[in-house]
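Asks:
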Amino acid sequence: MSLATIVVIVGAGPSGLLLAVMLARNKGIKVTILDADTKINDNPRAAHYAPSAVYDFHRAGILDDVRKQGFTPKGVCWRRKDTTFLAGMGREPEQSQYAMVVLPLDRLGPLLVRHFESLPNTQILWGHKVVGIEQDEKEARVVVQTSDGESKKIGGDYVVGADGASSGVRQALFGREYPGETLDKQIVYLPFDEKFDYWDSNFIVHPTDWYMAAKITTDGLWRVTYGDDANLTREEIVERQPMRYEQILPGNPKPGDYKLISMNPYKLQQRCAPSFRVGRVVLVADAAHLCNPFGGLGLTGGFADVGSLYDCLAGIHDDELDDSILDKYSEIRIKIWREMIDPLSRANFHRLWDENAKKEREEFFAMCEKALDDPLWGKGVAESVHSVRHDFTQYYKSKAKATE
């Protein structure tokens, strides 16, 4: 009956872990996760999960635990550097079943690991770095080098590359080719435990001192993502951080006025792999595509990949689909990235600083005002993020027969 009885997932990040939990819990599929690191990433990183992602948290059976540890945010707004309010949406927390939830990835990751390891036929192999991919008509194999220097091959019916922007799986398939561009901005991501009478998520509009400040825990941790000179080295960015905080944040705070938790400078990328499927190897999330973080479409799009791929692999496992569905997975997920995720994430970013985006900015802020005045209409705007999802169960044989 079942072809997809063994799945090997490369990458113990949020997307790989979520897919693993869904496959193991809902279908009893044997899942092995490989990760080059020796433990789960403990950097807070992203934290906001859109309704489309929350839907798949529900399907994975983790939503109750995520909500217990996280919180539902009180809206998002745009301000001038002097904190003057420009526009906002969703001032009060949404109460729907799939309302956005906030939980930093360093807390979501261990939660997912606990769920995964509680299931039968599951294992995580740490310290396993991908050095190659092999496949034939019957299986795909990951060639790995372990942290103790051993070389070995681990095979399954399908291999999923969920190993991030520098994906070893993608590079094994396409070399260093990752079409797209590096944007001419560099951002710095810093959580800190201070706030300035802001909403839970705030975008500051300014030609040079733009940034995002977002509450990411209920115990006072905030994240600031700001821009700096793209030509600076990491060391120079770290050295300039106190000066930049003093320049951009309200009250011109000095280092003693806040507690810095971590810092992660990186360049913005808009990229998409040539294909998300090569034979029995499939890509998801950052291994498949990248976008800037403003608006949360990178994480949202990655989890949408996971939901789609779960439907496909579950359908193959249950003999509802043949594996040609993976070609459709690649085609549709690339289309959604090109037509929605890439352009919207670019617009979200340019809205913060680009004077050429003034007309779009005014139109967007007018839409926000309408959403505040008409909560029902605003709810529809908020839920439009579900369009990043695609329901692959519509192609199941049983559904086709039911409509005949």
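Each residue of the sequence shown is one higher than the last, beginning at 1 in UniProt numbering. We treat Cβ as the ideally placed atom computed from N, Cα and C, and that holds for glycine. Bear in mind the structure is a predicted one, so any value in this text is a computation, not a measurement.
If you check the beta carbons only, do V31 and A20 fall under 9 Å apart?
Replies: yes
Asks: What does the alpha-carbon distance come out to for the pair S151 and I33?
Replies: Answer to the nearest angstrom: the Cα atoms are 17 Å apart.
Asks: Going by other Cβ atoms of all chains shown within 10 Å of its Cβ, with 16 needed for buried, is Y55 buried or exposed?
Replies: buried
Asks: To the nearest angstrom, how far is it from the Cα of K267 to the Cα of D286?
Replies: 14 Å
Asks: Need the endpoints of the beta strand (DSSP E) that V160 sits in, please.
Replies: Y158 to G161
Asks: Determine the closest residue to K27 out of P44, A314 and A347, with distance taken between C-alpha atoms.
Replies: The shortest Cα separation from K27 among P44, A314 and A347 belongs to A314.
Asks: Ignore the nearest five residues each way along the sequence and tell me which others in A366's own chain have a CB closer than 7 Å to its CB.
Replies: none
Asks: Considering just the uninterrupted stretch of the alpha helix (DSSP H) at N348, what are its terminal residues?
Replies: D342 to W353
Asks: For the putative contact between R45 and P104, defined by C-beta atoms under 8 Å, what is the C-beta separation to the nearest angstrom?
Replies: 7 Å
Asks: Give the range of the alpha helix (DSSP H) segment to which M89 is assigned.
Replies: Premise fails: M89 lies in the beta strand (DSSP E), F85 to M89, not in any alpha helix (DSSP H).
Asks: On a Cα-Cα basis, can you pick out the residue from D35, G16 and P73 that is closest to I216?
Replies: P73
Asks: With A140 as the anchor, note down where its beta strand (DSSP E) starts and where it stops.
Replies: A140 to T146
Asks: Can you round the beta-carbon distance between R240 and D228 to whole angstroms, since I take them to be within the 8 Å contact cut?
Replies: 7 Å
Asks: Can you give me the C-alpha to C-alpha distance between Q247 and C368, rounded to a whole angstrom?
Replies: 28 Å
Asks: Is DSSP giving residue 412 helix, strand or coil here?
Replies: Nothing about residue 412 can be read from this structure; the chain reaches only from 1 to 404.
Asks: Could you give the distance in angstroms between the alpha-carbon of G302 and the alpha-carbon of S15?
Replies: 6 Å
Asks: If contacts are defined as beta-carbon pairs under 8 Å, then Q394 and R346 qualify, I think. What distance do you get, rounded to the angstrom?
Replies: With 8 Å as the limit, Q394 and R346 do not qualify as a contact, their Cβ atoms being about 30 Å apart.
Asks: My guess is that F203 and N292 are in contact by the Cβ rule of under 8 Å, so how many angstroms apart are they, rounded?
Replies: Incorrect: roughly 13 Å between the Cβ atoms, too far for contact.
Asks: Kindly list the residues whose CB is nearer than 6 Å to the CB of S275, restricted to its own chain and excluding five residues on each side of it in sequence; keep chain order.
Replies: S330
Asks: Which one of K397, A24, E177 and E339 has the shortest CA to CA distance from Y310?
Replies: A24
Asks: How close, in whole Å, do the beta carbons of V205 and L372 come, if the pair is a contact with beta carbons under 8 Å?
Replies: Not really, about 18 Å apart at Cβ, beyond 8 Å.
Asks: Would I336 and H386 be called neighbours here (beta carbons separated by less than 9 Å)?
Replies: no
Asks: Do D64 and I124 have their beta-carbon atoms positioned less than 9 Å apart in this structure?
Replies: no
Asks: On the CB-based measure, 16 or more other CB atoms within 10 Å of its CB, does F392 come out buried or exposed?
Replies: buried
Asks: Roughly how far, in whole angstroms, is the beta-carbon of G156 from the beta-carbon of A172, given that I think they are within contact range, below 8 Å?
Replies: Contact doesn't hold; Cβ gap of about 15 Å is too wide.
Asks: Keeping to the same chain, check which residues put their C-beta closer than 7 Å to that of N43; ignore five residues upstream and five downstream.
Replies: Around N43: D106, S262 and N264.
Asks: Please tell me whether Y158 and V306 are closer than 9 Å, where the distance is taken between their beta carbons.
Replies: no
Asks: From the DSSP secondary-structure annotation, give me the bridge partner or partners of C272.
Replies: Its beta-bridge partners are H289.
Asks: Pull up the distance between the alpha-carbon of T83 and that of S201, whole angstroms please.
Replies: Their Cα atoms are separated by approximately 13 Å.
Asks: A304 lies in the beta strand (DSSP E); which residues open and close that run?
Replies: No beta strand (DSSP E) contains A304, which is instead part of the alpha helix (DSSP H) from L297 to H317.
Asks: To the nearest angstrom, report how far apart I332 and V7 are at their CA atoms.
Replies: 22 Å
Asks: So, helix, strand or coil for A4, using DSSP?
Replies: The predicted model places A4 with a pLDDT of 47, which falls under 50 and marks its position as unreliable; any figure quoted below should be read in that light. The answer is coil: DSSP assigns A4 none of H, G, I, E or B.
Asks: Using 9 Å as the threshold, is the C-beta distance between H224 and L183 below it?
Replies: Correcting the residue type first, residue 224 is Val in the shown sequence and not His. No, the Cβ-Cβ distance between V224 and L183 is not below 9 Å.
Asks: Mind pulling the alpha helix (DSSP H) runs of 4 or more residues that sit fully within the region 6-56?
Replies: 14-27
Asks: Identify, in the order they occur along the chain, each residue of the same chain with its Cβ nearer than 6 Å to the Cβ of S167, setting aside the five sequence neighbours on each side.
Replies: Excluding residues within five positions, the ones whose Cβ falls inside 6 Å are G161 and A287.
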